[in-house]
Every structure is written in C-alpha cells, then in structure tokens.
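See below for the structure under consideration.
Protein chains: 2
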Amino acid sequence: MNEAKPPPQRVTIRTVAEDAGVSVAAVSKVMRNAYGVSEALRQNVLESIERLNYRPSNAARGMRGQTYTLGVVLVGIDNPFLPQVFAGIASVANAAGYKILMGVGAAHMPMEASLIEQMIDSHMDGIVMIAAQLSGKLMEKYARQIPIAVIGHHEPLAQTFDTVNANDSHGAKLAVRALVAKGYRDIGMVSLGPHRPHDHYDVAPQREIGFASAIAEAGLGAPKIFRFDNLDDARLGKITTFLAGPDRPRALFVWSDLDGIPILNAARQMGLRVPEDLALIAYDNSPVAALPLIDLASMDQSGTRLGQLATEALLSRIGGRKEAQHVLIDPSLTIRSSF
Amino acid sequence: MNEAKPPPQRVTIRTVAEDAGVSVAAVSKVMRNAYGVSEALRQNVLESIERLNYRPSNAARGMRGQTYTLGVVLVGIDNPFLPQVFAGIASVANAAGYKILMGVGAAHMPMEASLIEQMIDSHMDGIVMIAAQLSGKLMEKYARQIPIAVIGHHEPLAQTFDTVNANDSHGAKLAVRALVAKGYRDIGMVSLGPHRPHDHYDVAPQREIGFASAIAEAGLGAPKIFRFDNLDDARLGKITTFLAGPDRPRALFVWSDLDGIPILNAARQMGLRVPEDLALIAYDNSPVAALPLIDLASMDQSGTRLGQLATEALLSRIGGRKEAQHVLIDPSLTIRSSF
DNA sequence: GCGATTCTGTGCACCGTTCTACGTAGAACA
DNA sequence: TGTTCTACGTAGAACGGTGCACAGAATCGC
Chain A
1 MNEAKPPPQR VTIRTVAEDA GVSVAAVSKV MRNAYGVSEA LRQNVLESIE RLNYRPSNAA
61 RGMRGQTYTL GVVLVGIDNP FLPQVFAGIA SVANAAGYKI LMGVGAAHMP MEASLIEQMI
121 DSHMDGIVMI AAQLSGKLME KYARQIPIAV IGHHEPLAQT FDTVNANDSH GAKLAVRALV
181 AKGYRDIGMV SLGPHRPHDH YDVAPQREIG FASAIAEAGL GAPKIFRFDN LDDARLGKIT
241 TFLAGPDRPR ALFVWSDLDG IPILNAARQM GLRVPEDLAL IAYDNSPVAA LPLIDLASMD
301 QSGTRLGQLA TEALLSRIGG RKEAQHVLID PSLTIRSSF
Chain B
340 MNEAKPPPQR VTIRTVAEDA GVSVAAVSKV MRNAYGVSEA LRQNVLESIE RLNYRPSNAA
400 RGMRGQTYTL GVVLVGIDNP FLPQVFAGIA SVANAAGYKI LMGVGAAHMP MEASLIEQMI
460 DSHMDGIVMI AAQLSGKLME KYARQIPIAV IGHHEPLAQT FDTVNANDSH GAKLAVRALV
520 AKGYRDIGMV SLGPHRPHDH YDVAPQREIG FASAIAEAGL GAPKIFRFDN LDDARLGKIT
580 TFLAGPDRPR ALFVWSDLDG IPILNAARQM GLRVPEDLAL IAYDNSPVAA LPLIDLASMD
640 QSGTRLGQLA TEALLSRIGG RKEAQHVLID PSLTIRSSF
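Here the protein sequences line up with chains A and B, keeping their order. So for the first sequence, our numbering puts the first residue at 1; every next one is plus one. So for the second sequence, our numbering puts the first residue at 340; every next one is plus one.
Next comes the structure, spelled out in structure tokens:
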C-alpha cells in the first residue's frame, strides 16, 4: 500500500479555495448554496470547482452536515415490481440533488437492521424501505435516529416515520368484484403462508381483509383462503395437489404474481384451461405477467408513483416535518386473458 | 431541526474509551484488531462496546482509514441473472467482514461514472461492477483511485483493474455445437444491436466471435448474425417480421434471454412450433427461462461463482496486489425443450 | 454626514475516527 | 545492576468538510 507516487493527490476544498483565492468557508458555502455569498464570488468559486473537477468528500461532509445521500433498503433484488419503484425514487431524489445507495435485506430481519445501522453510520440523510420485514417497533426506534419512509408495509399508527402504500384491502376488493362481475361465484384466495397474526399490517393480511369483505359484500358465504409455504421445495407438488383436488374454486385471487405465475403454470401443465376451467387474478402486475404466453391478469400498484410519493415524504421530513404522514393510493386492475 | 431533547446522543469512540477507562486510541486498536493490545485490555474494551452498543461511524472512519464497505454497480435491477451474482458477492464480502452498498447505473454511462465517483467520495474500499457500460479507458482512470473488479465485461489487457467472466466465445461455441449435434445445419444468431465495433471486448461481440468460429468449424458457410434494436418500441413487430420471413434459419442461438424470451413468445404466437419449426438456445439461464411454459434452453454462466471470484479478486487487491488478474470460467448449457 | 443595519467573507473550533510518534514498564540480556 | 529490547498504551495531529461568531465593507435612514 506504500505508494511511490503521491501525484494523484485528491483535490480538496482547500485546493479549490487556494485556486479561487478565497477562504475554505466560502467554498463550502457555495457548495451548499448557503446564505451569504455574492454572485461574483460564487461564479469565481464555481469556475475553480469546474476547472479542478472538485467533488466534496461524502465522508467528511457527513461528519458535521448532510451527505445528500439517501439509502434504499430492498427485500431482495428479484422482487418483480422493484424496478418501477426504484425508478420513482430515483427520479425524485435526483431532481432534488440527492444520490442513492441501496442495500439488500434479503427478507431477513437482522440483515435489514444491520443495513439500516450501516446507513446511519454512513450518515445518510434518510432511508426508503421497500416491503420491509422489520417490526414496527424496531422501525420506530431507528426512525428516531434517521428519517425513514416505508413502502409496502402498512403502519398507520406509526408516529416517527411515514408510510406510502397502495390500498391493499381495496385492491383485493376490486379483484373480487371483477371476478363477480364476470359471473364467477366460487371464488377462493391464495395468500402468503404461513399466516402470522401479528403481521396484521403487512400487505398480504390486508389483501385477505379486502378479499373477505368483498366476498361478504357479494353474499358468497364464508371466505376460502389457501396458503402454500413459500419456503418449501415441495411447493409445486402442493399446488398441483390443490388444483387437482375436489375443493378447487372456480376462480382464484392470488395475493402476488410470485405465487400466481407458478399456479398458472401448474394449471396449464395439468391440462386445465385458463380461464375456462380456472380463472385467475394475481397481484403486482410484474413484467412476467405481461408476457404473451403468460398473460396473467394482475392488480397494478403503480410502483413508480409509490416510489415518488415515498421519496417526497422523506425529503419533506428531512426538511423538518415532524408529524407522520401515511399515504394510500388506489390500485387498478390490468385485465388479461386469465379471467 | 432544532431538538428540544438531546438525550439520544450518539455513542462515540470517546464514550467507550471513558467507560472502559482507556484512551481513545486503544479502543480504535481493538476495533481494527490492530497490533499492540493486551488480551486484558481487549476484553475490557469489548465489554464496554457491548454494553454501550457502540458502532463506529463509517463516515469518520473513511476520513483516515478503511470503511469496510464495498460498492456494487449494477446495469439495472431488472437484469435477470443479477440475484445470483449478488448472492455470490455478498457471501464472500460478508465472510470477510465487509458491508455492501449498491448503485444502479441504468445502462447509462454518465450515471455509472457518477456512481463510481460517489463511491469514491464515500471512501468505500473497493467496487464490483456488473456488466458495466463504461469504457475501458475510463475504468482504468477510476481504478487508479479505487480498487475495481469487473464482471461481465472482457478487458484482458487492463492493468489497473481485474475482470471475471464466463468465457463468452466458448459458451457460444458450446451452444452451436449442441445445435449441430442435434442435426441442425441452418443456424443463425441473434445478437445485441446495434453493432458497435469498438465494443470488441463486450460480452455480445465475444459471443458473436464464438458463434462465427463454431459455424466455421462445422463447415456451415458464412455466419448469419441478426440484430434488433433493443431500444425500439417496434421491436416485437420486427421480430415477427423476421420470423415470418423467408430467410429465417432453422435454429437460432440468441445472445441473451432478454431477447430469447420475446422471440420464443413471438414464435409461439405466430403458430411456429418450438423446436419442430424453430430451435432456440439463449443465454444467461435466468429464472424466467426455466418456467415450465417457457422452457427455453439457455447457457448458464454460474452467476454465483462469478460474484464470488470477483469479490475475492477485489479483496486481494485491497490487500495490496498490484498486478491485474483476469479470470475466465466455463459456462455450461442447460438443456430444455426448445431445441 | 453619521450612526445603525445589512451583507460578505474569514478564522477557527468541531465532527469521530485512524495513524504516527513517543513514553513507560517489565523482561531479557550482559 | 545497568542496559537494551519488546510489548503496551497514550497524546495529539491529521482527514476534509461544516457551522458559528465575528470583523469589515456597503448600504440605509434620517
């Protein structure tokens, strides 16, 4: 690590100050376009910055001020509707002069926690969490140390952080109503398994609530909800058994494309016609669902919009807002041949 | 931003030092398990750290020493074989006590450049780039400021950074040989368009080279390479026209699943039977290709392994290695019903 | 024309670490 | 017993910015 050549010296704020013939503080002010710099000085400094190709050190900035960097915590990079959400986040953040760095939580609580801690330690200015697994209590704790906005996890009572969601119970209702309108009466739901009662505010339970209420609204008796353990390797087998069984409903509302696509696959492979034998509506409207050979109807959450709203909320909180803000937008059904 | 309650004070290295009754420097040494601390002192300090739940500030660390953070630059989050690569990177990095933060370049050179700059500015210890768009020259420049390892971009002559790749030309050969072995003679290739001659070292051109050489090897005449502009909205139409045309080959080697899946879709929709009318082998072996209803044969690059190797290379370079290292691994064909 | 007020720009402490140099105690050596 | 060596710990200077208090210049009101 001992360099014989020290010429590629980093150009620091001091270099710029010297070059422009002003004080270090003046350059700092220009960088943050803070109050108290004349237009002449500003131009002078900007020229030097340009000429020397100066970029402030994030690390140093973080020690006293802002880093103008936002952290994004993902459940996993294979999540299908992530790209849209991310695009939304990036557009708002970049427009406001913020940079973005991401971390992958891998749907693993301790990992998410350590990611957040790392982002705090890197002195990021705020965090957007997408479909977090973290408990509300823990999030409240972190939110006292750094502004946080959460996408894809309802927590309407949270005081210290903001949430932005598509209205999941309403989305489920819309799906059921669409099925009912087509004449289906025997409608079941496939939800995320296993059921964890304390996750009441998570998206899957919310969709169950909407489903049950729409079923009741249509007077279709007791709601039928099925679950497949998604960690299980034998999942495909279980799905097949379920589809071949006698109590398979005529139509299925599936909580996510993640489960909807395997179910569609299994059905077609078994020779079931979709929608003649089995009607399907899933959730997320991911790109795979749109593939012509798949063509799976799916609820669209408008990921881009979610990302934008969450980032706007985060920025306004960084700006000083204290009261929590919980935004809900309406999802809409993307109609395809599967129902 | 003015807090009425300053109690949630950050616990710093000073707090720990005070609590343990030692000097700040001693604590620092323990943190970095550096030379010159007795076991007694070490235990004492570790207890205080535990008790106070101390975590060193990344930003402050970066100012003088290492941050133990690696940056990962992605082309885009929707890239199909990313999750595997990322898993490989994460496993090696975490085992070595490094954290990971990602940035998305969106296949956009200036954005990639600014990401790298940001990572340098955040004083990260090194960068893994996946399928970079950046020119080798620019990468050489950045690599002088921070250790870099590149996945999915050949640059065998680069001196200042390392590369790790699946052998793309060999992969293409394997695909062609598999088709030849099945008896196909009229074999074409769909490659990434438009053709940019200076990208000789990029993966798609490498696959073209392998394709051409395998065609020659089998004595099948001049290689036929087709391109569809992937930015074009009318792409699907062009594909359909191509497939309906008179010079459609009997078998196609497609440079990537990204193009392979739309082609398969288009073919089936037109009523072409795969493989009876058109045989297909694509590249990347992404999860979508494995879906039963898709079932597209594809070259597997072993993303996990690529990620591991690249991270190992990066760590060894951070450790002081000076000479460049260019690793090639062998891809293998995943056989499915499409050929 | 003079004091009061506003506007600019500067100097310096500070943020939380690491790193270099150095002091000290005890062990090993002569 | 005095000297050298080694291991341990410490003090204090970096690192590259930001925030604050303040001084001097410019502007203002009367």
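All residues carry an ideal CB built from backbone N, CA and C; glycine is no exception.
Tell me the DSSP secondary structure of residue i in three-state form.
i       : result
H509(B) : helix
D501(B) : strand
I416(B) : coil
K141(A) : helix
D229(A) : strand
D639(B) : strand
L559(B) : coil
F592(B) : strand
L46(A)  : helix
I668(B) : strand
A364(B) : helix
K521(B) : coil
I602(B) : helix
G105(A) : coil
Report the option in the options whose CA atom is closest to the CA atom of residue i.
i       : options                            : result
V366(B) : E494(B), V593(B), L385(B)          : L385(B)
E208(A) : A218(A), L220(A), G188(A)          : G188(A)
V327(A) : N44(A), I294(A), A166(A), F242(A)  : A166(A)
S732(B) : R589(B), G375(B), L391(B)          : Not covered by the structure: residue 732(B). The range shown for chain B is 340 to 678.
G71(A)  : S38(A), D330(A), D229(A), I146(A)  : I146(A)
V254(A) : L236(A), G271(A), R227(A)          : R227(A)
S286(A) : R177(A), P80(A), L293(A)           : P80(A)
L653(B) : P495(B), E556(B), D507(B), A432(B) : A432(B)
H447(B) : S474(B), I428(B), P422(B), A429(B) : S474(B)
A218(A) : M63(A), R177(A), Y142(A), N44(A)   : R177(A)
G221(A) : H200(A), D186(A), L252(A)          : D186(A)
S191(A) : D229(A), F161(A), D330(A)          : D229(A)
Q423(B) : M402(B), D501(B), Q647(B), A356(B) : Q647(B)
S371(A) : H200(A), E312(A), R14(A), Y142(A)  : Any question about residue 371(A) goes unanswered here, given that chain A covers just 1 to 339.
A158(A) : Y201(A), A95(A), G193(A)           : Y201(A)
M63(A)  : V355(B), I564(B), S461(B), A555(B) : S461(B)
I657(B) : D639(B), Q545(B), F500(B)          : F500(B)
A373(B) : L421(B), G404(B), R353(B), T354(B) : G404(B)
A434(B) : E378(B), Q382(B), T408(B)          : T408(B)
Is residue j closer than 7 Å to residue i when the C-beta atoms are compared?
i       : j       : result
L264(A) : L296(A) : yes
G436(B) : V414(B) : no
V274(A) : L280(A) : yes
T406(B) : M441(B) : no
V11(A)  : Y54(A)  : yes
V503(B) : A649(B) : yes
I127(A) : I148(A) : yes
G599(B) : A583(B) : no
I49(A)  : F425(B) : no
L291(A) : L632(B) : no
D284(A) : S316(A) : no
L617(B) : A606(B) : yes
V542(B) : D507(B) : yes
Who are the Cβ neighbours of residue i in its own chain at under 6 Å, not counting the five residues just before and after it?
i       : result
M129(A) : V73, V150
I674(B) : A636
G659(B) : none
P6(A)   : Because P6(A) carries a pLDDT of 39, less than 50, the predicted location of this residue cannot be relied on, and no value is offered for it.
Please go through the same chain and pick out, in chain order, the residues whose beta-carbon is closer than 7 Å to the beta-carbon of residue i, but skip the five residues on each side of it.
i       : result
L41(A)  : V22, A26
P262(A) : L236, I239
K368(B) : G375, V376
M270(A) : T240, L243, A244
N341(B) : Caution applies to N341(B), whose pLDDT of 33 falls short of 50 and renders its modelled position unreliable; the value that the coordinates give is listed next. Nothing meets the Cβ criterion.
Got a sec? Which residues, its chain only, sit under 8 Å from residue i by beta carbon, not counting five neighbours each side?
i       : result
M132(A) : Going by the sequence as given, residue 132(A) is Ala instead of Met. Once the five neighbours on either side are set aside, the close Cβ partners of A132(A) are V73, V75, G105, E112, M139, V150, G152, H153.
R51(A)  : D19
L591(B) : I526, G527, M528, V529, I602, L617, A618, L619, I620
If we count Cβ pairs, one from each stretch, closer than 8 Å, do we get three or more for the stretch 180-189 of chain A versus the stretch 303-320 of chain A? No, the stretch 180-189 of chain A is not in contact with the stretch 303-320 of chain A.
Are three or more beta carbon pairs between the stretch 540-551 of chain B and the stretch 496-514 of chain B nearer than 8 Å? yes
Report yes or no: do the stretch 116-128 of chain A and the stretch 388-405 of chain B share at least 3 C-beta pairs separated by less than 8 Å? The stretch 116-128 of chain A, when compared against the stretch 388-405 of chain B, does touch it at the 8 Å Cβ threshold.
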